[in-house]
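Numbering of the sequence shown is given in my numbering, commencing with residue 24 and proceeding in unit increments. Cβ atoms here follow ideal geometry from the backbone N, Cα and C, with glycine treated the same way. Worksheet: the structure to be examined is printed underneath.
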Amino acid sequence: MAKLAPEKRIIEIKPVADPNAKVYPRSVKGRFQNWRVIMVWLTQIVFYGLCWLPWNSRQAVLFDLDLRRFYFFDFVLWPQDTIYLTILLLLSALALFLFTAVAGRLWCGYACPQTVYTEIFLWVEKLIEGDRPARIKLDAAPTSARKVGKKTLKHSIWLGIALWTGLTFVGYFTPIRDLLAGIGHGTTGAWEVFWVLFYGGATYGMAGFMREHMCKYICPYAQFQFVMFDHDTLIIAYDAERGEPRGTRPKKADPSALGLGSCIDCGVCVQVCPTGIDIRDGLQLECIGCAACIDGCDQVMDKVGYPRGLIRYSTENAVQHHYGRSEIIRRAVRIRTLLYLLAFLGIAGATGWSLATRAPLKLAIQKDRTVLYREADNGRIENTFQIQLTNASEQDRRFRIQAKGIADIAIAGNGELEVPAAALRDLTLEVSVPAGALDSGSHPIVFEVSDESDPRRRVEGKASFWMP
Ligand code: SF4
Ligand code: SF4
Numbered sequence: 024m025a026k027l028a029p030e031k032r033i034i035e036i037k038p039v040a041d042p043n044a045k046v047y048p049r050s051v052k053g054r055f056q057n058w059r060v061i062m063v064w065l066t067q068i069v070f071y072g073l074c075w076l077p078w079n080s081r082q083a084v085l086f087d088l089d090l091r092r093f094y095f096f097d098f099v100l101w102p103q104d105t106i107y108l109t110i111l112l113l114l115s116a117l118a119l120f121l122f123t124a125v126a127g128r129l130w131c132g133y134a135c136p137q138t139v140y141t142e143i144f145l146w147v148e149k150l151i152e153g154d155r156p157a158r159i160k161l162d163a164a165p166t167s168a169r170k171v172g173k174k175t176l177k178h179s180i181w182l183g184i185a186l187w188t189g190l191t192f193v194g195y196f197t198p199i200r201d202l203l204a205g206i207g208h209g210t211t212g213a214w215e216v217f218w219v220l221f222y223g224g225a226t227y228g229m230a231g232f233m234r235e236h237m238c239k240y241i242c243p244y245a246q247f248q249f250v251m252f253d254h255d256t257l258i259i260a261y262d263a264e265r266g267e268p269r270g271t272r273p274k275k276a277d278p279s280a281l282g283l284g285s286c287i288d289c290g291v292c293v294q295v296c297p298t299g300i301d302i303r304d305g306l307q308l309e310c311i312g313c314a315a316c317i318d319g320c321d322q323v324m325d326k327v328g329y330p331r332g333l334i335r336y337s338t339e340n341a342v343q344h345h346y347g348r349s350e351i352i353r354r355a356v357r358i359r360t361l362l363y364l365l366a367f368l369g370i371a372g373a374t375g376w377s378l379a380t381r382a383p384l385k386l387a388i389q390k391d392r393t394v395l396y397r398e399a400d401n402g403r404i405e406n407t408f409q410i411q412l413t414n415a416s417e418q419d420r421r422f423r424i425q426a427k428g429i430a431d432i433a434i435a436g437n438g439e440l441e442v443p444a445a446a447l448r449d450l451t452l453e454v455s456v457p458a459g460a461l462d463s464g465s466h467p468i469v470f471e472v473s474d475e476s477d478p479r480r481r482v483e484g485k486a487s488f489w490m491p
């Protein structure tokens with residue numbers, strides 16, 4: 024019986040017989056296919072639907088590149104907040120490392136846009152051209168009105184889905200209602216048209232034609248993620264110890280009497296594979312972890328009356344040492360995964376706290392450097408400051424500005440400023456102190472800006488006051 028040696032390479036890189044041969048995945052039913060269908064619906068409801076959701080009189084999620092603002096429900100992020108987008112990327116990377124180390128290619132198999140759109144395009148293909156044998160037959164058949172009609176219909180629907188996908192994508196950067204109205208009136212900008220066609224074309228090409236080639240040769244994540252695998256990472260595993268020697272057999276025959284394992288060599292696992300590989304050759308770079316072969320093989324096992332799980336989610340160590348589910352779960356907790364988890368939770372927690380407590384108010388202060396100080400008629404020493412206040416909330420607000428740090432420091436005027444929602448205002452402030460109150464040179468002061476309707480919402484900024 025074949026056993027995996029502990030030092031065996033995690034990924035087998037085997038030459039593919041004909042890498043350009045078209046793959047005709049056979050449709051399959053089963054629990055993992057059900058999960059894939061659920062994931063397609065979930066991801067697409069969110070993707071196609073979220074851009075239509077109104078929030079505070081605008082689109083709930085919008086990257087407004089013109090105004091350089093990112094709206095996400097109640098959060099409005101400004102260019103100064105790009106740190107949050109950087110942290111989001113860092114968290115995504117950490118989550119990916121953690122997820123891959125524990126669960127292998129679950130992302131590829133269930134949620135990656137390439138997988139999801141390929142799945143959608145395959146549904147359309149199957150609906151129009153039929154399942155695998157019918158599609159192979161149709162492609163091999165000479166050109167006919169029926170063949171041209173089917174192909175035209177399929178590509179028309181594919182193009183419709185692809186263009187709507189491109190439109191939806193651009194709808195996260197230009198409000199989607201304005202975008203559609205612009206298309207209706209022929210006033211859409213050239214760049215918007217370009218990006219709709221670009222993303223639409225990319226969807227059409229990648230889900231309709233490139234399919235498994237994207238995963239095999241182009242996707243960088245597919246290429247580097249295996250360095251994150253170890254012998255306790257969840258993979259799709261063929262139980263060679265149980266399955267071999269493989270071979271066909273008469274119905275109801277006792278495999279042990281024939282010296283055979285459980286694999287009846289029916290080829291279903293290969294036919295359902297969207298990347299066209301044979302998982303019985305071992306885990307391969309091309310395996311996207313979609314589990315279609317598990318569903319296919321389970322159906323076969325049910326038919327011949329053998330226990331399910333000849334192909335199953337497992338780990339290399341579990342297959343080799345016959346670990347049960349609890350041991351597999353226990354071994355998911357290891358130093359590497361714990362470090363990823365701690366880093367993820369630490370950064371996510373700090374970012375969440377920072378977002379929850381940040382004042383939707385930003386202050387920038389600049390000292391007028393042309394005149395460091397001035398002696399006013401009333402005998403006080405004046406310094407001029409340029410203040411820029413950004414109201415990052417979505418309500419008009421009135422702010423009170425105070426200067427602190429020097430005894431009897433005062434601001435000319437009432438020190439109040441009204442800033443409309445999601446806008447910024449500049450203000451010139453004359454700040455004065457009594458002559459002789461301080462030595463010559465610069466002295467630190469602090470500007471405090473608070474919201475008149477809620478004084479807890481306030482920010483402070485440091486500056487220097489110059490004395491003659
Ligand atoms: S589907 Fe199962 S039984 Fe059929 S060839 Fe694949 S592993 Fe063997
Ligand atoms: S080998 Fe199985 S899990 Fe891997 S891509 Fe093919 S069908 Fe999906």
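For residue i, count neighbouring C-beta atoms within 10 Å of its own C-beta (all shown protein chains included) and say buried if the count is 16 or more, exposed if not.
| i | result |
| --- | --- |
| Ser279 | exposed |
| Tyr240 | exposed |
| Arg403 | buried |
| Val454 | buried |
| Asn401 | exposed |
| Ile179 | According to the sequence shown, residue 179 is Ser rather than Ile. The residue in question, Ser179, is exposed, as its Cβ has fewer than 16 Cβ neighbours within 10 Å. |
| Trp181 | buried |
| Ser285 | buried |
| Ile468 | buried |
| Ala28 | In this prediction, Ala28 has a pLDDT of 41, which is less than 50 and means its spatial position is unreliable; nothing more can be read from the coordinates. |
| Asn437 | exposed |
| Pro156 | exposed |
| Phe144 | buried |
| Arg158 | buried |
| Glu475 | exposed |
| Gly312 | buried |
| Ile23 | Any answer about residue 23 is impossible in this case: the structure gives the chain only from 24 up to 491. |
| Thr256 | buried |
| Val60 | exposed |
| Gly464 | exposed |
Starting from residue i, follow its DSSP beta bridges and name the residues at the other end.
| i | result |
| --- | --- |
| Ile434 | Val454 |
| Met490 | Gly464 |
| Val51 | DSSP, once it has assigned bridges, lists no residue as partnering Val51. |
| Leu384 | Asn414 |
| Thr407 | Glu453 |
| Trp101 | DSSP output for Trp101 lists no bridge partner at all. |
| Trp78 | Arg81 |
| Phe86 | Phe93 |
| Ala426 | Phe470 |
| Gln389 | Gln409 |
| Val442 | Arg420 |
| Tyr261 | Ile334 |
Between residue i and the rest of its own chain, which residues show a CB-CB distance below 6 Å, the 5 nearest in sequence each way excluded?
| i | result |
| --- | --- |
| Leu186 | Gly223 |
| Ile33 | Unreliable placement is indicated for Ile33, whose pLDDT of 44 sits below 50; no coordinate value is reported for it. |
| Ser337 | Ala260 |
| His254 | Glu339 and Asn340 |
Would the C-beta of residue i count as close to ligand 1, meaning under 7 Å from any of its heavy atoms?
| i | result |
| --- | --- |
| Arg335 | no |
| Cys292 | yes |
| Val286 | The amino acid occupying residue 286 in the given sequence is Cys; Val does not appear at that position. Yes, since a heavy atom of ligand 1 falls inside the 7 Å radius drawn around the Cβ of Cys286. |
| Tyr261 | yes |
| Cys2 | The first residue shown for the chain is 24 and the last is 491, placing residue 2 beyond what the model contains. |
| Gly305 | no |
| Val323 | yes |
| Cys296 | no |
Helix, strand or coil, according to DSSP, for residue i in the structure here?
| i | result |
| --- | --- |
| Ser473 | strand |
| Pro165 | coil |
| Ser337 | strand |
| Val482 | strand |
| Arg448 | strand |
| Val171 | helix |
| Arg353 | helix |
Give every residue of the same chain whose Cβ lies closer than 7 Å to the Cβ of residue i, excluding the five residues on either side of it in the sequence, and list them in chain order.
| i | result |
| --- | --- |
| Asn43 | none |
| Ala134 | Met62 and Thr66 |
| Asp391 | Thr407, Phe408 and Gln409 |
| Glu471 | Gln425, Lys427, Arg481 and Glu483 |
Excluding the five sequence neighbours on either side, which residues of its own chain have a C-beta within less than 8 Å of the C-beta of residue i, listed in chain order?
| i | result |
| --- | --- |
| Asp318 | Val51, Lys52, Gly53, Arg54, Phe55, Gln56 and Val295 |
| Asp431 | Val456, Pro457 and Ala460 |
| Ala399 | Glu405 and Ser455 |
| Arg335 | Ile259, Ala260, Asp262 and Ile317 |
| Lys173 | Ile151, Glu152 and Leu161 |
| Phe221 | Gly189 |
For a test of your reading of the model: does the CB of residue i fall under 7 Å from any non-hydrogen atom of ligand 2? Yes or no.
| i | result |
| --- | --- |
| Cys242 | no |
| Pro77 | no |
| Val139 | no |
| Ile61 | no |
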